[in-house]
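Heads up: the structure comes next, in structure tokens.
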Amino acid sequence: MSVETPAGAVPPAPPVSNSRTFKRAFKDLTDGLVDSELWLHLGWTDIKQRYKRSVLGPLWITLATGVTAVAMGLLYGQLFGMDLNFFLPYVTLGLIFWYFISNSILDGAVVFSTNEGLIKQLPAPISIHVYRVVWRQLIIFSHNVVIYLIIMVVFPQPIGWSALLVFPAIALFVLNSIWVTIVFGIMSTRFRDIGQLLTTMVQLVFFMTPIIWSAQSLQNASGDVSSRLRLVELNPMYHYLEITRGPLMGENVAAYHWWVVLACTALGWAAALMVMRNYRARVAYWV
11 MSVETPAGAV PPAPPVSNSR TFKRAFKDLT DGLVDSELWL HLGWTDIKQR
61 YKRSVLGPLW ITLATGVTAV AMGLLYGQLF GMDLNFFLPY VTLGLIFWYF
111 ISNSILDGAV VFSTNEGLIK QLPAPISIHV YRVVWRQLII FSHNVVIYLI
161 IMVVFPQPIG WSALLVFPAI ALFVLNSIWV TIVFGIMSTR FRDIGQLLTT
211 MVQLVFFMTP IIWSAQSLQN ASGDVSSRLR LVELNPMYHY LEITRGPLMG
261 ENVAAYHWWV VLACTALGWA AALMVMRNYR ARVAYWV
């Protein structure tokens, strides 16, 4: 039964929607994180489905990465005249962490468009699918770590207590993987060309990042830092690899690498919160 407004009275203002607020954005992220049972199950199911009916199953992840790392390490080690005792572990770690970065970008870009059915039928926070992608990358990463352990038995490195810095570095990788999936996932859902652009950009950045070549090889004969090395330092991916690969190679990582990664993480999360605030509710209509 509706209540009539008296003549001459000002009708009440319509309720203000709070869907585009930071509060709702944070609530989506926290609710999705709490519902860990769902995204843990979905992420593990993705891995099982990918290798369904194969003999080795998820071990194909380890085998494929191991063969690629050894082949590239041997090839480029010979081309650049590098010591294989150093260069093979160097390339292996570079590929392991690069796969985590690149797969987070590429899988994150299609996370919503490939889960259209679940998004429209399952009343759950969209961050569920973000955590699902990150969890899947962590599973793949854990398989690839086995390669590093094998390489270290054959080519041991002078690892010290500084190797423990790899744990906060991996934590930063996870935080960056979350914001990358949010930003690229939502924007790629609205503009599908972004996914194709990211595929091209990731391939280009791979060759611009010291993964299968060493940044130290760009130094001058006198040991001075060359302009080419300064150009490499403009690439954020270089700093991400340094904070993870350096400790595991027994190297002292300069503090500025950490500051660059922390700055990128802060900027990325600011962008992710803005995207979640403004476009989170529209994802279901865009997929």
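Convert by adding 10 to the 1-based position in the sequence shown; the result is the number in my numbering.
We put the CB at the ideal spot given by N, CA and C, even for glycine.
Quantities reported herein were computed from a predicted structural model and do not represent experimental measurements.
Please name the residue, chosen from Val242, Ile71, Gln167, Lys62, that lies closest to Phe96 on a Cα-to-Cα basis. Locating residue 96 in the sequence shown gives position 86, where the first residue counts as 1. The shortest Cα separation from Phe96 among Val242, Ile71, Gln167, Lys62 belongs to Gln167.
Measure the C-alpha to C-alpha separation of Ile115 and Val44 and round it to an integer number of angstroms. Taking the sequence shown and counting its residues from 1, one reaches residue 115 at position 105. Taking the sequence shown and counting its residues from 1, one reaches residue 44 at position 34. If you take the alpha carbons of Ile115 and Val44, they lie about 24 Å apart.
Touching or not, the region 209 to 225 and the region 92 to 110, by the rule of three or more beta carbon pairs under 8 Å? yes
Would you check if the distance between the CB atom of Glu252 and the CB atom of Val242 is smaller than 7 Å? Residue 252 sits at position 242 when you count from the first residue of the sequence shown. Residue 242 sits at position 232 when you count from the first residue of the sequence shown. Their beta carbons are not under 7 Å apart, which means Glu252 does not touch Val242 by this criterion.
How about Ile136 and Val293: are their beta carbons less than 7 Å apart? Taking the first residue of the sequence shown as position 1, residue 136 is located at position 126. Taking the first residue of the sequence shown as position 1, residue 293 is located at position 283. Yes, they are a contact pair.
Pair within 7 Å by beta-carbon distance, Val285 and Thr199: Counting from 1 along the sequence shown, the entry for residue 285 is found at position 275. Counting from 1 along the sequence shown, the entry for residue 199 is found at position 189. For Val285 and Thr199, no; Cβs fall outside 7 Å.
At which residues does the alpha helix (DSSP H) containing Thr254 begin and terminate? Here residue 254 is taken as the residue at index 244 of the sequence shown, counted from 1. Run containing Thr254: 246 to 258, per the alpha helix (DSSP H) assignment.
Skipping 5 residues on each side, what residues in its chain have a beta carbon closer than 7 Å to that of Asp93? Within the sequence shown, residue 93 is the residue found at index 83, counting from 1. Closer than 7 Å at Cβ, skipping near neighbours: no residue.
Going by CA-CA distance only, name the one from Cys274, Ala273, Gly53 that's closest to Arg142. Stepping through the sequence shown from its first residue, residue 142 is reached at position 132. Residue Gly53 is the option with its Cα nearest to Arg142.
Within its chain, find whatever has a CB closer than 7 Å to the CB of Met247; leave out the 5 residues flanking it on each side and keep chain order. Along the sequence shown, one-based indexing puts residue 247 at 237. Excluding sequence neighbours, Met247 sits near Ile111, Val215, Thr219.
Sequence-distant residues of its chain with Cβ nearer than 8 Å to Thr72 (five each side left out): Within the sequence shown, the letter at position 62 stands for residue 72. Only His153, Asn154, Val156, Ile157 meet the Cβ criterion.
Can the beta-carbon of Gly195 be found closer than 7 Å to that of Val121? Residue numbering aside, residue 195 sits at position 185 when the sequence shown is read from its first letter. Residue numbering aside, residue 121 sits at position 111 when the sequence shown is read from its first letter. Yes, these two residues count as a Cβ contact at 7 Å.
Residue nearest to Val140 in terms of C-alpha spacing, selected from Tyr266, Glu261, Asp41, Ala273: Here residue 140 is taken as the residue at index 130 of the sequence shown, counted from 1. Here the closest residue by C-alpha is Asp41.
Whole-angstrom distance between Phe90 and Ala173, CA atom to CA atom: As a working mapping, residue 173 is identified with position 163 in the sequence shown. As a working mapping, residue 90 is identified with position 80 in the sequence shown. Cα to Cα, Ala173 sits roughly 27 Å from Phe90.
I need the straight-line Cα distance from Leu185 to Gln226, nearest angstrom please. Here residue 185 corresponds to residue number 175 of the sequence shown, with the count starting at 1. Here residue 226 corresponds to residue number 216 of the sequence shown, with the count starting at 1. One C-alpha to the other measures close to 29 Å.
Sub-7 Å separation of Leu283 and Ala119 beta-carbons: To locate residue 283, count along the sequence shown from 1; it is residue 273. To locate residue 119, count along the sequence shown from 1; it is residue 109. Against a cut-off of 7 Å, the Cβ pair of Ala119 and Leu283 comes out as no contact.
Could you pull out every residue in the same chain whose Cβ sits closer than 6 Å to the Cβ of Leu175, ignoring the five residues on either side in sequence? Within the sequence shown, numbered from 1, the residue matching residue 175 stands at position 165. Around Leu175: Pro257.
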